[in-house]
DNA sequence: TGAACATATGAACAGTTATTCATCTGTTCA
DNA sequence: TGAACAGATGAATAACTGTTCATATGTTCA
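Chains as they are written, first to last, in this note's numbering: chain H, 1 to 94; chain B, 101 to 194.
Encoded structure:
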């Protein structure tokens, strides 16, 4: 196994290794949301949400689209769901 | 979704969010290894490996068994592999 | 028992990171 | 154009984390 792949893998999991980001991603499971929707839903400041969205976007886990003044964010692809589901199964197993 | 579950999920992914731990886990894919095997294979100090193994053990991702002076570590269950495979698919996709 | 080996662990340090605050950019609409 | 709204961003701070170093614990065997 290439060392670089394992490095990238750790970088990927780092994205999911913060509860704010996990909550954001989970909130996007049902579809796209804009920044203020997310702030409200998660009781986070607009700035904190925006900072985390930038990280998630850099990591290609979410994508953004502008609609007027708002930016709507959604999950970038199915992998996000697959990875989170794999983790959820571990966490919720009894 | 229970907030606590998402918190636990982030805690789980934190385990995978460090390249030393990911390398250790991947090294254990082929079967159990003791601490010095791991140190040698990964070019890490014994102490660093041991510290990370403690974290992985607390997170129930690895289990340990003593054999004489050595401690043999192995993956705790299939979820570890499943989660890493899910991540690897994302990372190695082109 | 005591030497040698394998691993664990605590303290300290350096590097990283999430949040907050203040401010800036971008968009709409009157 | 300018006010109002939505979001982005840089700097600062506090908290967290991985590694190293030194040392302790645990095991074997002569």
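No residue lacks a Cβ here, since even glycine has one placed at the ideal position from N, Cα and C.
Everything numeric in this text was worked out from a predicted model, so none of it was measured.
Own chain, CB closer than 8 Å to residue i, minus 5 neighbours either side, in chain order
i                     : result
residue 55 (chain H)  : 15, 21
residue 34 (chain H)  : 67, 70, 71, 72, 73
residue 132 (chain B) : 165, 172, 173, 174
Buried versus exposed call for residue i [16 or more other C-beta atoms within 10 Å across all chains shown]
i                     : result
residue 101 (chain B) : exposed
residue 129 (chain B) : exposed
residue 157 (chain H) : Nothing can be reported for residue 157 (chain H), as the shown portion of chain H is limited to 1 through 94.
residue 147 (chain B) : exposed
Close beta carbons around residue i, own chain, < 7 Å, minus the five adjacent residues each side
i                     : result
residue 180 (chain B) : 125, 161
residue 150 (chain B) : 135
Min CB distance residue i to chain B below 8 Å
i                    : result
residue 49 (chain H) : no
residue 82 (chain H) : yes
residue 23 (chain H) : yes
residue 62 (chain H) : no
residue 75 (chain H) : no
residue 69 (chain H) : no
residue 28 (chain H) : no
residue 6 (chain H)  : yes
Residue i at chain H interface by Cβ criterion, 8 Å
i                     : result
residue 118 (chain B) : yes
residue 144 (chain B) : no
residue 110 (chain B) : yes
residue 138 (chain B) : no
residue 189 (chain B) : yes
residue 157 (chain B) : no
residue 133 (chain B) : no
residue 141 (chain B) : no
In DSSP terms, what residue i is bridged to
i                     : result
residue 164 (chain B) : B:173
residue 133 (chain B) : B:173
Residues of its chain near residue i, where Cβ-Cβ distance is below 6 Å and the 5 sequence neighbours each way are ignored
i                    : result
residue 23 (chain H) : 42
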